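Asker:
Residue numbers (my numbering), protein chains in the order written: chain A, 1 to 417; chain B, 418 to 528.
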């Protein structure tokens, strides 16, 4: 650029990018024919905004202006490539509707974000690639930011994203919302990716802090985006409810020294009542008139905790019943572990411990520290400190999160290490 | 439209057993249903009849009995298909009556 944009223009462009990058990119992919070409066209649209908005004035709708500019640029690139090769790239011209001309009025630009989500979360892509593409293309994170979120070197993340984009192009993964017959299965895959983004932020598998709030925020943002794009879908409502009802407790989950505070000891006045109210309303919608989905059940469990005035008042029987329903429909070792904990509080610590001991032989939980930590907790409550010490020691060996390690050390020293 | 190679895998034991048999009714049915998408295909003899020819890096070749990779699953045949996109190719692939399953590989198109 010949001269630097004014701070005001730069701020508006940065804000438009933060809020509307997915919309702009998604609408451009359709005319660009490939994700790479679309990203290039969008980059040029941002550069052009920085260069011209200072003199021409900031448009009324910056996102729409950027979309129109990026689509026009993509079409130019397309025409040049077509002249050079006499062949149109793959993604172009396969759509039943062409999405209109790129010179269309801003308010007519189609919202293609749903197509982009389904392409990024296509089951033919590896799970880590689906997560990376979703953060990169839907949340507008840079490759460096995605790499930081998952604690891998930037070069590793860049290679992962490049490989995924190459597969989309080479295998011709379609840029479309799946037909109605395939939609429920494919949507479940999308919701799983969004939930994985959220949980990775909510309780970081490794690193210094318990939470990576930026990543949890991206998960919430994606769940809200899906809610806007599929307002009538009950599983989407269930996922957004789950994210809100879990996230509502986050300010109480660590203390001022960044130390872990268990649900039992949390200051419930720090819970976000507004998020809980919104989550409960969404949960009701998700549960209305049909068997509950997986995310709705998990949200319902979170809601029981959120609405309980104190730890002692917790309705453990209700939570146990919800875990039973989860086990019926979506059995997994982790669900069974959580059910065992609920059983311990609903029926008795000894019963919970016995169920945890059965799970001890499950190879899928061999590297899962919460099993040993839960055993240690029940053993303390049962007045068996020697065995509890062994259990917390086991949990420490396989815990990579620093805050959780300090927490386990604390439990050990409380037992007179 | 894109081209895809569908590699059909089956258990080695089943492959040996099926040797010499004519094409099964289920494959005939599959081929009739998807005739418009099929560009080619063949059934293979068991992997015990395959021969690997590996470049030795010094201008020569190393000829050995068997396929490159030994596994419980063996390549039993293939189809070359044409489909609108990967989703359509996967729908066709799911209908191949293969014992173990299939791999779907996009075919490179020369520019």
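Backbone N, C-alpha and C fix where the C-beta goes; we use that ideal spot for every residue, glycine too.
Computed from a prediction, not measured in an experiment: that's the story for all the values here.
Can at least three beta-carbon pairs, one atom from the stretch 441-453 of chain B and one from the stretch 510-521 of chain B, be found at a separation below 8 Å?
Answerer: Judged by Cβ distances under 8 Å, the stretch 441-453 of chain B makes contact with the stretch 510-521 of chain B, as three or more pairs qualify.
Asker: Give me the residue from A:386, A:161, A:22, A:44 with the minimum Cα distance to residue 126 of chain A.
Answerer: Closest by alpha carbon: A:161.
Asker: Could you tell me the distance, in whole angstroms, from the CA atom of residue 379 of chain A to the CA atom of residue 371 of chain A?
Answerer: If I take the Cα positions, the gap works out to 12 Å.
Asker: Whose Cβ in chain A lies nearer than 8 Å to the Cβ of residue 503 of chain B?
Answerer: Result: 122, 124, 171, 172, 173, 174.
Asker: Residues in its own chain within less than 8 Å of residue 391 of chain A by CB, not counting five upstream and five downstream?
Answerer: Same-chain partners within the cutoff: 372, 373, 375, 376, 379.
Asker: If you drop the 5 nearest sequence neighbours on each side, which residues of the same chain put their C-beta closer than 6 Å to that of residue 212 of chain A?
Answerer: Answer for residue 212 of chain A: 201, 204, listed in chain order.
Asker: What are the complete alpha helix (DSSP H) segments, minimum 4 residues, inside the stretch 200-278 of chain A?
Answerer: Entirely contained in the stretch 200-278 of chain A, the alpha helix (DSSP H) runs reaching 4 residues are, in chain order, 213-229, 234-247.
Asker: I think residue 197 of chain A touches residue 117 of chain A, with their Cβ atoms under 8 Å apart; what is that distance to the nearest whole Å?
Answerer: No, residue 197 of chain A and residue 117 of chain A are not in contact; Cβ-Cβ is about 12 Å, not under 8 Å.
Asker: Of all Cβ atoms in chain A, is any one closer than 8 Å to the Cβ of residue 454 of chain B?
Answerer: By this cut-off, residue 454 of chain B is not an interface position.
Asker: Got a sec? Which residues, its chain only, sit under 6 Å from residue 279 of chain A by beta carbon, not counting five neighbours each side?
Answerer: Correct list, in chain order: 241, 244, 245.
Asker: Determine, using beta-carbon pairs with one atom in the stretch 316-329 of chain A and one in the stretch 357-371 of chain A, whether at least three such pairs fall under 8 Å.
Answerer: No contact exists between the stretch 316-329 of chain A and the stretch 357-371 of chain A.
Asker: At the 8 Å Cβ level, is residue 488 of chain B part of the contact set with chain A, yes or no?
Answerer: Judged by the 8 Å Cβ criterion, residue 488 of chain B is not in contact with chain A.
Asker: Which residue wins for smallest C-alpha separation from residue 258 of chain A, given the options A:210, A:273, A:233?
Answerer: If we check each option's Cα against that of residue 258 of chain A, A:210 comes out closest.
Asker: Tell me whether residue 495 of chain B sits in a helix, a strand or coil according to DSSP, three-state version.
Answerer: In this structure, residue 495 of chain B counts as strand in the three-state DSSP scheme.
Asker: Span of the beta strand (DSSP E) holding residue 427 of chain B?
Answerer: 419-428 is the extent of the beta strand (DSSP E) around residue 427 of chain B.
Asker: In terms of residue numbering, what span does the alpha helix (DSSP H) encompassing residue 469 of chain B cover?
Answerer: Where residue 469 of chain B is concerned, there is no enclosing alpha helix (DSSP H), although the beta strand (DSSP E) it sits in stretches over 468-472.
Asker: Buried or exposed, going by whether 16 or more other CB atoms sit within 10 Å of the CB of residue 504 of chain A?
Answerer: Outside the shown range of chain A (1 to 417) lies residue 504 of chain A, about which nothing can therefore be said.
Asker: What does residue 478 of chain B pair with, by DSSP beta-bridge criteria?
Answerer: Per DSSP, B:472.
Asker: I want to verify the contact list: residues of chain A whose CB lies under 7 Å from the CB of residue 465 of chain B, in sequence order.
Answerer: Correct list: empty, because the minimum Cβ distance to chain A is about 32 Å.
Asker: Enumerate in chain order the residues of its own chain whose CB-to-CB distance from residue 193 of chain A is below 7 Å, with the five nearest sequence positions on each side excluded.
Answerer: Answer for residue 193 of chain A: 121, 130, 131, 134, listed in chain order.
Asker: Name the DSSP bridge partner or partners of residue 521 of chain B?
Answerer: DSSP output for residue 521 of chain B lists B:423 as bridge partner(s).
Asker: From the DSSP output, in three-state form, read off residue 321 of chain A for me.
Answerer: Looking at residue 321 of chain A - three-state DSSP - the assignment turns out to be helix.
Asker: Looking at the C-beta of residue 469 of chain B, does it have a partner C-beta in chain A at a distance below 8 Å?
Answerer: False, the Cβ-Cβ gap to chain A never drops below 8 Å.
Asker: Does residue 419 of chain B get closer than 8 Å to chain A when you measure Cβ to Cβ?
Answerer: By this cut-off, residue 419 of chain B is an interface position.
Asker: Residue 523 of chain B versus chain A: which residues are under 8 Å apart at the beta carbon?
Answerer: Going along chain A in sequence order, the residues near residue 523 of chain B (Cβ under 8 Å) are 170, 171, 172.
Asker: Closest to residue 188 of chain A by C-alpha separation, out of A:238, A:152, A:158, would be which residue?
Answerer: That would be A:238, whose Cα lies nearest to the Cα of residue 188 of chain A.
Asker: Residue 113 of chain A and residue 225 of chain A: beta carbons closer than 8 Å?
Answerer: Cβ atoms of residue 113 of chain A and residue 225 of chain A: closer than 8 Å.
Asker: Going by beta-carbon coordinates alone, are residue 73 of chain A and residue 51 of chain A separated by less than 8 Å?
Answerer: No; because the gap between Cβ atoms is not below 8 Å, this pair is not in contact.
Asker: Would you call the CB atoms of residue 299 of chain A and residue 271 of chain A closer than 8 Å?
Answerer: No.
Asker: Determine the closest residue to residue 430 of chain B out of B:470, B:478, B:488, with distance taken between C-alpha atoms.
Answerer: Measuring from the Cα of residue 430 of chain B, the nearest candidate turns out to be B:488.
Asker: What's the call for residue 140 of chain A, buried or exposed, on a 16-neighbour Cβ count within 10 Å?
Answerer: Classification for residue 140 of chain A: buried.
Asker: Indicate the three-state DSSP secondary structure (helix, strand or coil) for residue 490 of chain B in the structure shown.
Answerer: Residue 490 of chain B falls in the strand class under three-state DSSP.
Asker: Can you list the beta strand (DSSP E) stretches of 3 or more residues lying completely in the stretch 107-159 of chain A, in chain order?
Answerer: Those beta strand (DSSP E) runs which fall completely within the stretch 107-159 of chain A and span 3+ residues do not exist here.
Asker: Note down, in chain order, each residue of its chain lying with its Cβ closer than 8 Å to the Cβ of residue 428 of chain B, except the 5 sequence neighbours on either side.
Answerer: For residue 428 of chain B, where only same-chain residues beyond five positions count, the Cβ hits under 8 Å are 489, 490, 491, 516, 517.
Asker: Going by the beta-carbon positions, is the gap between residue 339 of chain A and residue 320 of chain A smaller than 8 Å?
Answerer: A contact, by the Cβ cut-off of 8 Å.
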